[in-house]
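Each residue of the sequence shown is one higher than the last, beginning at 9 in this note's numbering.
Here a beta-carbon is modelled for each residue, glycine too, at the ideal position from N, C-alpha and C.
Heads up: the structure comes next, in structure tokens.
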Amino acid sequence: SGYFRLKEAALEESPAGYVSAFKAFTEALAQTPEHPEANFYAGLMLENGLGTRADPQVALLHFKRTLESDPSHPRALAHAALLALRGHAEDIDPQIAAKWVRDAQKFANEETRAALQTAIAAAKGQKSRNGNYNPNDAF
């Protein structure tokens, strides 16, 4: 089935394997655009430049689609929150991005929670340097 082909593609860690995996995910999304795992893995690959050119903003859109299908997908929440905190959420409603950050902290493991706290502190520092930090902001 297509799902198992996607999982197989995701497990093949090599440059050619990444290209093949990205192709498999984009083909799956052409047939089922809301497929949560295909969106998640396509986002992960776009975020990290695996099998395709890195594009954090497009990656964020894939994580957003994953979360539209599965609002508590812990890995999509973490990646979406981190990308938003790193300034890649210009096209995303700030309230949605803030919710991702809050929810990601709830569902994250200890390592991800630490990465989120570091990113939150950096985002607050950047906003403070720019003169537009509000302590009531989610980040």
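Taking 8 Å as the upper bound for CB-CB distance, Phe48 and Phe71 are in contact here, some 7 Å apart. Scanning its chain for C-beta atoms nearer than 6 Å, with the 5 sequence neighbours on each side dropped, one finds around Gly51 the residues Ala67, His70, Phe71, in chain order. If you draw a straight line from the Cα of Lys114 to the Cα of Leu90, it comes to about 14 Å.
Bounds of the alpha helix (DSSP H) holding Ile104 are 102 to 115. The criterion of a C-beta distance shorter than 7 Å is satisfied by Ala84 and Leu75.
Taking 8 Å as the upper bound for CB-CB distance, Ser77 and Glu35 are not in contact here, some 18 Å apart. Spanning the alpha carbons of Ile100 and Gly25 requires a straight line of approximately 31 Å. Per DSSP, reduced to three states, the secondary structure at Leu58 is coil, with no helix or strand assignment. Rounded to the nearest whole angstrom, the C-alpha separation of Ala62 and His81 is 22 Å.
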